[in-house]
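Numbering (numbering that gives the first Met the number 0), first residue to last: 0 to 389.
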Amino acid sequence: MNDTSFLNWPFFEERHKTMALGLDKWAAQEIAPLGDASEPKNNDQLDAMCADILAKLADGNWLKLAVADGNNTAHDVRSICLARETLAKHAGLADFVFAMQGLGSGAIALFGDDQQKQKYLSDVRTGKSVAAFALSEPDAGSDVAAISTSATKDGDDYILNGEKAFISNGGIADFYCVFARTEQGTGAKGLSAFIVDKNTAGLDDKTRIDLLAPHPLANIKFDNCRIPKSALIGEEGQGFKIAMAVLDIFRPSVGAAALGFAKRAMVETIAHTSNREAFGGVLADLQMTQSTIADMAVSIDASALLIYRAAWQKDSGQARITREAAMAKLFSTESAQQVVDSAVQLHGGSGVVAGAVVEKLYREVRALRIYEGASEVQKLIIAKQLLSGS
Ligand code: COS
Numbered sequence: 000m001n002d003t004s005f006l007n008w009p010f011f012e013e014r015h016k017t018m019a020l021g022l023d024k025w026a027a028q029e030i031a032p033l034g035d036a037s038e039p040k041n042n043d044q045l046d047a048m049c050a051d052i053l054a055k056l057a058d059g060n061w062l063k064l065a066v067a068d069g070n071n072t073a074h075d076v077r078s079i080c081l082a083r084e085t086l087a088k089h090a091g092l093a094d095f096v097f098a099m100q101g102l103g104s105g106a107i108a109l110f111g112d113d114q115q116k117q118k119y120l121s122d123v124r125t126g127k128s129v130a131a132f133a134l135s136e137p138d139a140g141s142d143v144a145a146i147s148t149s150a151t152k153d154g155d156d157y158i159l160n161g162e163k164a165f166i167s168n169g170g171i172a173d174f175y176c177v178f179a180r181t182e183q184g185t186g187a188k189g190l191s192a193f194i195v196d197k198n199t200a201g202l203d204d205k206t207r208i209d210l211l212a213p214h215p216l217a218n219i220k221f222d223n224c225r226i227p228k229s230a231l232i233g234e235e236g237q238g239f240k241i242a243m244a245v246l247d248i249f250r251p252s253v254g255a256a257a258l259g260f261a262k263r264a265m266v267e268t269i270a271h272t273s274n275r276e277a278f279g280g281v282l283a284d285l286q287m288t289q290s291t292i293a294d295m296a297v298s299i300d301a302s303a304l305l306i307y308r309a310a311w312q313k314d315s316g317q318a319r320i321t322r323e324a325a326m327a328k329l330f331s332t333e334s335a336q337q338v339v340d341s342a343v344q345l346h347g348g349s350g351v352v353a354g355a356v357v358e359k360l361y362r363e364v365r366a367l368r369i370y371e372g373a374s375e376v377q378k379l380i381i382a383k384q385l386l387s388g389s
């Protein structure tokens with residue numbers, strides 16, 4: 000973390016500053032080598048790396064920042080965002096492992112009953128259990144109300160049938176938070192949320208998908224998958240609102256991860272342009288370089304302001320931060336893509352060499368404009384909120 004002056008912004012309390020500086024120091028020792036390591040060659044290697052990172056994060060006691068304890072202690076969104084920004088600067092995979100524990104358990108922390116909280120949250124907080132959020136489907140990614148995976152009541156159980164697509168932690172999760180339709184033909188109102196344990200008969204999470212920047216991802220099938228009524232999170236029909244409430248918390252943190260990538264790109268760019276000789280001086284002497292660096296810096300600070308504004312509003316007790324979260328995610332992921340692209344450009348040929356830091360960042364930042372609601376969806380949300388006077 001080079002410029003830490005943002006930690007003095009009024010959004011933060013002293014504990015945030017202490018945490019962010021402590022995590023940065025810890026991550027420089029424990030996590031940074033993973034960012035420098037060559038990428039996994041297959042899913043076994045990838046899964047082993049994720050398990051290793053999870054163990055380290057648990058050992059450092061950092062996972063508790065992503066996973067609320069369920070004892071009426073809310074997620075601290077500023078801490079989640081600061082942690083993601085910091086981890087993303089050191090290694091994208093570490094940010095991923097951290098964030099997914101929170102996203103995958105968010106519905107239980109926010110809406111679960113005492114038994115569910117006791118059974119799942121402490122294991123996720125201590126890295127003993129891996130969580131996943133299973134919302135998207137082959138025909139329902141942006142349009143959540145179109146989910147067709149069904150949960151049909153059968154005595155005291157539900158029977159799940161259907162398919163989920165692009166599920167992060169798919170294949171390695173110990174449980175999935177699954178959104179399924181309990182009432183046909185009722186759009187958003189007919190969805191419910193369930194906890195489905197990995198070993199449930201009829202659950203198939205073996206179809207893995209390889210990504211531009213590797214992280215565990217799979218398609219999941221439910222074939223007459225029987226789960227007890229006790230697996231229902233909240234009430235029947237609350238699924239859509241549960242999913243949206245979880246996303247409201249985690250969308251600013253996607254922006255924060257993008258911010259971490261952008262800040263790392265800036266660090267690399269300043270180092271490179273200050274040393275790379277050109278036209279009788281160094282690249283950084285050239286006004287066109289300075290113009291690009293200035294644009295990168297403005298994007299970075301504007302992103303940070305939107306992210307920590309949204310996080311601070313949630314932590315200050317605002318019930319919904321839907322518009323602010325969407326703005327933070329939209330602006331930060333789009334501008335981070337631009338910042339990283341500029342970094343690659345200023346690195347010239349060395350920026351596109353496989354394994355170069357900025358080349359990795361270029362691949363890592365791309366998915367963030369898509370997952371947890373694509374940029375186009377964030378625009379819809381922002382406009383809808385404004386037009387409805389929210
Ligand atoms: N928190 C609580 N309630 C919410 C909410 C939120 N953030 N957002 C919407 N709701 C409520 C609405 O208030 C509405 O309630 P009422 O019917 O009681 O008025 C209900 O949920 C339906 O909302 P809306 O009419 O906005 O639903 P739409 O089907 O139009 O939603 C979007 C459209 C695009 C906003 C939604 O489907 C979405 O966010 N899609 C992206 C999903 C996503 O992130 N996918 C990636 C998968 S996770 S990697």
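Don't be surprised by glycine CBs; every beta carbon is placed ideally from N, CA and C.
Residue i burial status per 10 Å Cβ neighbour count (16 or more: buried)
i, result
"SER229", "exposed"
"ARG14", "exposed"
"GLY34", "buried"
"LEU211", "exposed"
"GLU84", "buried"
"PRO251", "buried"
"MET287", "exposed"
"THR185", "exposed"
"GLN336", "buried"
"ALA98", "buried"
"ASN168", "buried"
"GLY388", "exposed"
"VAL245", "buried"
"ASP94", "buried"
Inter-residue Cα distance where the pair is residue i and residue j
i, j, result
"LEU386", "LEU329", "18 Å"
"VAL96", "GLY154", "37 Å"
"LEU62", "ALA82", "10 Å"
"PHE193", "VAL343", "43 Å"
"PRO215", "TRP8", "35 Å"
"VAL281", "SER331", "30 Å"
"ILE241", "ASP23", "32 Å"
"ILE232", "VAL352", "47 Å"
"ALA164", "GLY170", "12 Å"
"ALA65", "ILE79", "6 Å"
"ASP203", "ASN1", "45 Å"
6 Å Cβ shell around residue i - same chain, five flanking residues per side excluded
i, result
"ALA139", "ALA145, ILE146"
"GLN115", "ILE107"
"LYS313", "VAL76, ILE320"
"ARG362", "LEU211, ALA212"
beta-carbon residue i near the ligand COS non-hydrogen atom, thresh 7 Å
i, result
"ARG319", "yes"
"GLY169", "no"
"TYR307", "no"
"ASP138", "no"
"LEU246", "yes"
"TYR403", "Past the boundaries of the shown model lies residue 403; the chain is included only from 0 to 389, so the question cannot be answered."
"LYS240", "yes"
"PHE178", "no"
"ILE380", "yes"
"LEU367", "no"
"ASP142", "yes"
"ALA150", "no"
"ALA36", "no"
"ALA187", "yes"
"LYS383", "yes"
"PHE11", "no"
"PHE132", "yes"
"VAL253", "no"
Residue closest to residue i, alpha-carbon to alpha-carbon, out of the options
i, options, result
"ALA200", "GLN183, ASP222, MET243", "ASP222"
"ALA108", "ASN1, ARG362, ALA73", "ALA73"
"ILE369", "SER141, LYS55, LYS220", "SER141"
"HIS271", "MET243, ALA217, ARG322, ALA355", "ALA355"
"PHE11", "ALA27, ASP75, ALA67", "ASP75"
"PHE132", "GLU333, ILE52, GLY105", "GLY105"
"LYS127", "ILE380, ALA54, ASP203", "ALA54"
"ASN41", "ILE208, ALA244, ALA172", "ILE208"
"GLN28", "LYS16, SER37, LYS88, ARG77", "LYS88"
"ASP173", "TYR119, LYS188, THR148", "TYR119"
"GLY390", "ILE299, VAL129, ALA310", "Coverage of the chain is limited to positions 0 through 389, which leaves residue 390 absent and any answer about it impossible."
"ALA179", "ALA36, LYS378, LYS220", "LYS220"
"THR3", "ALA57, SER341, ALA303", "ALA303"
"ILE380", "ARG322, ALA327, VAL364", "ARG322"
"ARG124", "ASP94, LYS152, ASN60, GLU136", "ASN60"
"PHE110", "GLN384, ALA296, CYS176, ASP294", "CYS176"
beta-carbon residue i near the ligand GTP non-hydrogen atom, thresh 7 Å
i, result
"PHE95", "The ligand GTP is absent from the structure shown, which contains only the ligand COS."
7 Å Cβ shell around residue i - same chain, five flanking residues per side excluded
i, result
"ILE423", "The question about residue 423 has no answer here: the residues shown for the chain are numbered 0 through 389."
"ALA373", "SER141"
"SER290", "none"
"PRO39", "LEU45, MET48, PRO213"
Chain-order list of residues whose beta-carbon lies under 8 Å from that of residue i (same chain, five-residue window excluded)
i, result
"CYS224", "ILE158, LEU159, ASN160, VAL195, THR199, ALA200, GLY201, LEU202"
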